[in-house]
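So the structure is just underneath, and the comments pick up after that.
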Amino acid sequence: MELSGKYNPQDVERKWYRYWMENGFFHSEPDERKPYTIVIPPPNVTGVLHMGHMLNNTIQDILVRRARMKGFNACWVPGTDHASIATEAKVVAKLAEQGIRKKDLTREEFLKHAWAWTEEHGGIILEQLKHLGASCDWERTAFTMDEVRSESVIDVFIDLYNKGLIYRGIRVVNWDPQALTALSDEEVVYKETNGKLYYLRYQVEGEAGKYIVVATTRPETIMGDTAVCINPGDKRYEWLRGKRVIVPLVNRSVPIIEDEYVDLEFGTGCLKVTPAHDPNDYMLGEKHRLESIDIFEDNGTLNEYGGVYAGMDRFDVRKRIEKDLQEAGLLERTEPYVNKVGHSERTNAVIEPKLSMQWFLRMSELAKPALDAVMSDEIQLHPAKFKNIYRHWMENVKDWCVSRQLWWGHRIPAYYLPDGSFVVARNAEEALPLARKQSGNDGLSVADLRQEEDSLDTWFSSWLWPISVFAPVMDKENKELDYYYPTSDLITAPDILFFWVARMIMAGYEFRGKKPFNNVYLTGIVRDAQGRKMSKSLGNSPDPIELMQKYGADGVRMGMMMAAPAGNDLLFDEQLCEQGRNFCNKIWNAYRLLKGWQVDEAAEPSAAATEANHWFGMRLNAAKSEVEDLFSKYRLSEALMAVYRLFWDDFSAWYLELIKPAYGMPVDRKTLNEALAYFQELLCLLHPFMPFITEELWQNIKERKDGETIMYRQIKEAAPVDEVYLKDFAEIQEVITGIRNIRAGKNIPQKESLQLEMPEDYTTRFDAVLCKMGNLNELRRVAAKADGDFIFMVGVHEFGVPMAAHIDVEEETAKLQADLAYQQKFLESVRKKLANEGFVKNAPARVLELERKKEADAELRIATIRQALEQLIQK
Numbered sequence: 002m003e004l005s006g007k008y009n010p011q012d013v014e015r016k017w018y019r020y021w022m023e024n025g026f027f028h029s030e031p032d033e034r035k036p037y038t039i040v041i042p043p044p045n046v047t048g049v050l051h052m053g054h055m056l057n058n059t060i061q062d063i064l065v066r067r068a069r070m071k072g073f074n075a076c077w078v079p080g081t082d083h084a085s086i087a088t089e090a091k092v093v094a095k096l097a098e099q100g101i102r103k104k105d106l107t108r109e110e111f112l113k114h115a116w117a118w119t120e121e122h123g124g125i126i127l128e129q130l131k132h133l134g135a136s137c138d139w140e141r142t143a144f145t146m147d148e149v150r151s152e153s154v155i156d157v158f159i160d161l162y163n164k165g166l167i168y169r170g171i172r173v174v175n176w177d178p179q180a181l182t183a184l185s186d187e188e189v190v191y192k193e194t195n196g197k198l199y200y201l202r203y204q205v206e207g208e209a210g211k212y213i214v215v216a217t218t219r220p221e222t223i224m225g226d227t228a229v230c231i232n233p234g235d236k237r238y239e240w241l242r243g244k245r246v247i248v249p250l251v252n253r254s255v256p257i258i259e260d261e262y263v264d265l266e267f268g269t270g271c272l273k274v275t276p277a278h279d280p281n282d283y284m285l286g287e288k289h290r291l292e293s294i295d296i297f298e299d300n301g302t303l304n305e306y307g308g309v310y311a312g313m314d315r316f317d318v319r320k321r322i323e324k325d326l327q328e329a330g331l332l333e334r335t336e337p338y339v340n341k342v343g344h345s346e347r348t349n350a351v352i353e354p355k356l357s358m359q360w361f362l363r364m365s366e367l368a369k370p371a372l373d374a375v376m377s378d379e380i381q382l383h384p385a386k387f388k389n390i391y392r393h394w395m396e397n398v399k400d401w402c403v404s405r406q407l408w409w410g411h412r413i414p415a416y417y418l419p420d421g422s423f424v425v426a427r428n429a430e431e432a433l434p435l436a437r438k439q440s441g442n443d444g445l446s447v448a449d450l451r452q453e454e455d456s457l458d459t460w461f462s463s464w465l466w467p468i469s470v471f472a473p474v475m476d477k478e479n480k481e482l483d484y485y486y487p488t489s490d491l492i493t494a495p496d497i498l499f500f501w502v503a504r505m506i507m508a509g510y511e512f513r514g515k516k517p518f519n520n521v522y523l524t525g526i527v528r529d530a531q532g533r534k535m536s537k538s539l540g541n542s543p544d545p546i547e548l549m550q551k552y553g554a555d556g557v558r559m560g561m562m563m564a565a566p567a568g569n570d571l572l573f574d575e576q577l578c579e580q581g582r583n584f585c586n587k588i589w590n591a592y593r594l595l596k597g598w599q600v601d602e603a604a605e606p607s608a609a610a611t612e613a614n615h616w617f618g619m620r621l622n623a624a625k626s627e628v629e630d631l632f633s634k635y636r637l638s639e640a641l642m643a644v645y646r647l648f649w650d651d652f653s654a655w656y657l658e659l660i661k662p663a664y665g666m667p668v669d670r671k672t673l674n675e676a677l678a679y680f681q682e683l684l685c686l687l688h689p690f691m692p693f694i695t696e697e698l699w700q701n702i703k704e705r706k707d708g709e710t711i712m713y714r715q716i717k718e719a720a721p722v723d724e725v726y727l728k729d730f731a732e733i734q735e736v737i738t739g740i741r742n743i744r745a746g747k748n749i750p751q752k753e754s755l756q757l758e759m760p761e762d763y764t765t766r767f768d769a770v771l772c773k774m775g776n777l778n779e780l781r782r783v784a785a786k787a788d789g790d791f792i793f794m795v796g797v798h799e800f801g802v803p804m805a806a807h808i809d810v811e812e813e814t815a816k817l818q819a820d821l822a823y824q825q826k827f828l829e830s831v832r833k834k835l836a837n838e839g840f841v842k843n844a845p846a847r848v849l850e851l852e853r854k855k856e857a858d859a860e861l862r863i864a865t866i867r868q869a870l871e872q873l874i875q876k
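FYI, the numbering used here numbers position 630 of the sequence shown as 631, with every residue one higher than the one before it.
Laid out in structure tokens, this is it:
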């Protein structure tokens, strides 16, 4: 087919993605080949493509496409996550626009709206990934709340409950007052916040005029105080033992308790204890058998225990209570204080620690094999620096609060009996015999049972993802799962190392007895050129779809990967995408150049072309080995740059120039065929990074059968290379560069031939290369030193270029003398500075070092100029 003069990515991308889909090239079924499996980190159904998705999915696509070309049966499973909190918030907001409140709907009515919203918006991000070229097995698309995945979630919950690993209890949890649900510790983001430390006076009961001072950052919680704690080793407060104090404004008498938990250095050394609203206070309350008073409604307002503040928002109470304490003479002082305040990872609301009845999963037992697997490198983290972070979290793991006060999600399969007890089963019908047996009441009916209202944390479904996308988790005999599991690589962001990665590892060992994946490649965060994290609020995140329309998907993929080292943040600059597009144009034009040459079937290859083919074959194999090594170390950015340099520098700048026929002359058939064969191999190396343009050109090289694709073209193994030969050729390239530098410095056009002098024993193998690339009409081998007007060294060899016929001696002498005068004046000023004792004594070491380097450089430059002048005078 005829190629247009300019590469048009939009036409090419649409055409070939449709071709790939129509031919089912992305689909995988178990066969005799070795599998290579990746499961996608399922994006939220609420989401649209952002730069983080672009980076993550580009990396996955690179690995999957390369695996296909290495002969693996590659399977990349796509899917989406139901995202309980985010999706429910979107649906609630949409209903509000229609004048409908969630609380006015039944659960079933609300879920109809949620499913309708999901069906409308849930597939958007997956369709956007197709623009990127993502070669997912779309026939396997999964959803965390589809029937198969939901079955696994319920069965796993029941299994863990029956093993005694899931329990229900009242604990202080992280409460999101905006989403109206509990959160796990991992869903809380701590941010430094400017606040105040309030010093409050607690009157000692029965002792008029005596009080102690207690420091707090949250004065609104005093309504829930049930004790004040001191450290038993604190001499300052020995007099308080056995006494009671009065909570300010509340006028509640509470005991003084003693515990070494109290920090002697913080605040005043007296700690107010509010068991219902602080996890550490809760533990103190349990230990000392204190009353717990929950003072907050779910939405963050104070309840009836708030007294005059009942119904007010917690932050409004904080402002008002400060004034009230001041007026009552109960506020000693305030001072500015910066502390880390927990925020909801989903809604950004300030978390309220709150006593609540929830469902929990015991983690310590599950964590041990998951910790051992990573620390022993059975599962490898790339980069390995994340191992210690992982170890710290796993060694300090807390029980997972798995219940959420939401309707959108997997409803917990627990059924309450009329007496308040409960049983756990798949459905009410299976729960009934369990309930009858537990209660001893055979007269119970399904109508007497009430299912738990709470749903499971979203991560409780996604932690099963590497298993559940292939088979029901509790299905122990499944050939497809046995074939694809464990998966090969997981590509994800470090910020969900604990949310998701660690939990998947736990689930893998618990339910399959083996790891879920071999390697975890942790990407960096995409930041702008100023180092700021990309976000909608900053307005510094480009629209990925618009970027692809402007630069093409291949250009954007390359632009991101050029600056994406594993585990390190990517400083994104749109100019990188422009560079990617320019590289596409370079590839396109190189191919058009090859296809534009006329062929002389009877001609033989020139000596330069013969050497070029030998050299480039060697250089190609060396690059293949380098790329293979870099892929094995997950240094994908460096692998791309290795292929980029191979194409741009070695192939285009050297190889094509060496084999290019003279203007208007034909090329011989053998040379052209070898060039096209090399070009085809380059396309194969580039394909995982730039799938569209490589498919377009590969299909164009020769007539292909319908159903053929570069995607399954096997990358040839690297053959051994002669390192000495490559080193010798690299030296010849330096010689040619030296000649070109002389041309540039003396304004001698490339079309004007030069002579070159070299040592008499210098190899003759590359003479044709030297003559072609340096445009030399004569090579002289001399016994003594080179006698050219301009001498340059390459390695230990000296080369000379006679210039008498090409330069004006008087003009060149004048230029050199002017440069000499400038350098001498510059050297004088530097030496004057170094002769100044005050400067030398007071200047930093690095400044002195710089000045001395300037002196040495000037001296060398002066010597070089004088040598050049001497040569000119002799001529």
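Idealized CB from N, CA, C, for every residue including glycine.
Bear in mind the structure is a predicted one, so any value in this text is a computation, not a measurement.
- Residue environment for ASN442: exposed (fewer than 16 other C-beta atoms within 10 angstroms of its C-beta).
- As a beta-bridge residue in DSSP terms, TYR168 pairs with PHE361.
- Annotation: LEU771 to ILE740 spans about 10 angstroms, alpha carbon to alpha carbon.
- Relative to THR222, the option among GLU298, THR765 and TYR416 whose CA is nearest is GLU298.
- The residues TYR238, LEU241, ILE257, GLU259, VAL263, GLY270 and CYS271, in chain order, have a CB closer than 7 angstroms to that of ILE231 in the same chain once the five nearest residues on each side in sequence are set aside.
- The alpha helix (DSSP H) runs lying completely inside the region 774–838 and spanning 4 residues or more are 810–835, given in chain order.
- For CYS137, no beta strand (DSSP E) encloses it, and the DSSP letter there is neither H nor E.
- In this structure the region 174–186 touches the region 337–353; the number of beta carbon pairs closer than 8 angstroms is three or more.
- Of all alpha-carbon atoms in CYS578, TYR823, TYR191 and MET535, the one lying nearest the alpha-carbon of VAL342 is that of TYR191.
- For LEU50 and TRP21, the gap between their C-alpha atoms comes out near 22 angstroms.
- With contacts defined as CB atoms closer than 7 angstroms, ALA554 and GLY134 qualify as a contacting pair.
- In the displayed model, PHE297 falls within a strand according to three-state DSSP.
- CA-to-CA, the gap between ALA415 and ASP707 works out to about 56 angstroms.
- Of the other Cβ atoms in all chains shown, fewer than 16 fall within 10 Å of the Cβ of GLN531; this residue is therefore exposed.
- DSSP places ILE711 within a helical segment (H, G or I) once states are collapsed to three.
- Under the Cβ criterion (8 angstroms, minimum of three pairs), the region 389–401 does not count as touching the region 206–218.
- In terms of Cβ geometry, THR710 and PHE26 form a close pair [threshold 7 angstroms].
- Taking ALA311 as the centre and dropping the five residues before and after it, the same chain places the C-beta of LEU303, ASN304 and GLU305 closer than 7 angstroms to its C-beta, in chain order.
- Here the C-alpha atom of TYR713 lies approximately 51 angstroms from the C-alpha atom of ARG782.
- At least 7 angstroms separates the beta-carbon of LEU435 from that of ILE167.
- DSSP links MET759 through a beta bridge to ARG782.
- Taking each of TRP139, TRP408 and ARG290 in turn and checking the Cα distance to LYS104, the smallest one comes out for TRP408.
- Distance check between VAL154 and each of ASP768, GLU89 and LEU457 places LEU457 closest, using alpha-carbon atoms only.
- Bounds of the beta strand (DSSP E) holding SER345 are 332–345.
- Rounded to the nearest whole angstrom, the CA to CA distance from ALA608 to ALA769 is 6 angstroms.
- The C-beta distance from VAL246 to GLU206 rounds to 6 angstroms, short enough to fall under 8 angstroms.
- 7 angstroms or more divides the Cβ of TYR484 from the Cβ of PRO43.
- Boundaries for HIS383: no alpha helix (DSSP H) harbours it, while the beta strand (DSSP E) harbouring it runs 381–383, taken from the DSSP string.
- Per the DSSP secondary-structure output, ALA415 pairs in a beta bridge with VAL425.
- By the C-beta density criterion, ALA731 is exposed, having fewer than 16 other C-beta atoms within 10 angstroms.
- In the structure shown, the three-state DSSP call for GLU605 is coil.
- For GLU292, the closest C-alpha among the options LEU356, LEU201 and MET642 is that of LEU356.
- THR765 counts as exposed, since fewer than 16 other beta carbons sit within 10 angstroms of its beta carbon.
- Counting only the Cα atoms, GLU579 lies some 39 angstroms from ASP378.
- TYR37: member of the beta strand (DSSP E) spanning 36–40, first to last residue.
- The beta carbon of ARG150 sits closer than 7 angstroms to those of ALA143, PHE144, SER462 and SER469, all from its chain and outside the five residues before and after it, given in chain order.
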